[in-house]
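Comments concern the structure below.
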Amino acid sequence: MTVTDTAARIARGQRPAGVRSPAAAPALHHVLHEHRPLVSVRDLQVAYGDGPLVLDGIDLDLHPGEMVALLGSSGSGKSTLMKALTGFAPIGAGTVRVGVHDLTRLHRGELRRVRAQVGQVFQQFNLVGRLSVLTNVLTGGLHDAGAINLAGGFSSSHRRRALELLDRVGIAHKAKDEARSLSGGQQQRVAIARALMQRPTLILADEPVASLDPKMSCTVLELLHGITRDEGIPVLVSLHVMPLALAHSHRIVGLRDGRVLVSAPTAQLSAADLEPIYANDHESGAGHGDDDA
Ligand SMILES: Nc1ncnc2c1ncn2[C@@H]1O[C@H](COP(=O)(O)OP(=O)(O)OP(=O)(O)O)[C@@H](O)[C@H]1O
Ligand SMILES: [Mg+2]
């Protein structure tokens with residue numbers, strides 16, 4: 001199913017193929033029927049303590065069925081923007097809406113519930129190395145009251161789902177191995193399975209391929225792309241390699257010094273259009289990726 005197909009289904013009031021039932025994902029269901037973006041950020045300002053603004057007037061929309069690549073030099077505010085989407089950045093002004101919730105108005109308990117719907121993938125995988133691959137995936141479902149059975153173990157339905165997800169990311173044969181025994185690319189795929197175990201309505205991936213070789217980078221980005229395509233879950237992925245963003249996203253948002261410099265469908269962008277994001281930038285060494293892509 002293409003993004004166009006997904007948009008057409010949404011326009012007809014249908015969920016994209018594979019999107020879960022209203023009971024499983026109330027926020028996403030609600031949004032799909034209002035034809036609104038799942039995430040909507042307006043005029044966001046963030047400063048740490050008394051420091052300068054690190055995000056200054058950010059507008060961002062994420063729609064069901066789209067994978068958006070976030071580009072920008074080191075320090076441009078990519079991770080801070082991701083943190084704002086889970087209420088972990090000190091928001092000074094503006095609004096951050098995820099589903100039906102304005103994160104700037106939520107109590108801590110409500111924020112926790114929203115966070116449980118956001119699957120996160122990080123550069124360093126953040127697995128528990130001495131636990132098995134399967135257990136790492138199962139921990140993604142811990143917010144669900146049905147995850148633990150009366151004997152204190154994980155329920156059989158959760159185990160089944162975790163194994164299905166490991167199969168989906170191509171790691172089922174490693175289910176019993178310690179997570180630390182896997183390669184980086186394998187660990188990142190486990191981390192994606194763990195994020196899916198949450199039944200997320202949104203996936204945030206902060207430099208998920210920065211530690212991987214070019215081939216595995218493509219594999220991981222294709223996996224994320226497939227999740228968006230098949231289940232309609234929007235993915236925001238920050239990248240340092242411009243050609244990867246051009247090859248694996250529906251839209252590119254480029255940050256420079258905490259502001260949005262570029263925001264356009266990827267099909268309308270060339271590498272030259274993205275150069276200004278990194279202009280006169282000697283620090284990050286990022287972006288062009290001729291060697292990396
Ligand atoms: N916890 C913090 N306290 C103070 N300043 C911070 C904090 N986190 C980030 N910053 C500052 O905010 C700015 C944006 O940082 P951020 O980590 O969002 O950038 P980034 O685009 O993710 O960079 P990179 O590509 O290196 O990961 C930087 O100037 C950074 O020093
Ligand atoms: Mg960062």
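In terms of UniProt numbering, the sequence shown has 209 at position 209, counting the first letter as 1, and numbering is strictly consecutive. The beta-carbon is built from N, C-alpha and C at its ideal position, and this holds for glycine as well. Quick caveat: nothing in here was measured; it's all calculated off a predicted structure.
Can you name, in chain order, every residue of its own chain whose Cβ lies under 6 Å from the Cβ of residue i, other than the five neighbours on each side?
i, result
"Q198", "G119, G140"
"E207", "Q123, S238"
Ordered along the chain, which non-local residues of its own chain (more than five positions away) have a Cβ less than 8 Å from that of residue i?
i, result
"Q186", "I171, K174"
"V253", "L60, V68, A69, L70, L71, V260, V262, S263"
"L212", "G184, G185, Q188, V220"
Among the options, whose alpha-carbon lies nearest the alpha-carbon of residue i?
i, options, result
"H225", "L202, E66, I277, L62", "E66"
"G51", "F122, E207, L134, G92", "G92"
"S217", "L60, I203, S238", "S238"
"S76", "V46, H63, A210, Q117", "V46"
"G72", "G258, T266, G94, V100", "G258"
"A89", "G49, L60, Q117", "G49"
"L134", "S211, P200, L163", "L163"
"L44", "T80, S74, V235", "T80"
For a test of your reading of the model: does the CB of residue i fall under 8 Å from any non-hydrogen atom of ligand 2? Yes or no.
i, result
"S238", "yes"
"S157", "no"
"K215", "no"
"D206", "yes"
Using only the heavy atoms of ligand 1, determine whether one of them is closer than 8 Å to the beta carbon of residue i.
i, result
"G51", "yes"
"G72", "yes"
"K174", "no"
"G87", "no"
"Y278", "no"
Classify residue i as helix, strand or coil using the three-state DSSP reduction.
i, result
"H101", "strand"
"S238", "strand"
"P214", "helix"
"R251", "strand"
"A279", "coil"
"S183", "coil"
"L131", "coil"
"Q124", "coil"
Using C-beta distances below 7 Å, list every residue in its chain close to residue i, excluding the 5 sequence neighbours before and after it, in chain order.
i, result
"R180", "G129, R130"
"T219", "G185"
Regarding residue i and ligand 4, is the C-beta to nearest heavy atom distance less than 8 Å?
i, result
"S79", "Among the ligands in the structure shown, ligand 4 does not appear; only ligand 1 and ligand 2 can be found there."
Counting C-beta neighbours from all protein chains within 10 Å, is the total for residue i 16 or more, i.e. buried, or is it exposed?
i, result
"K78", "buried"
"A151", "exposed"
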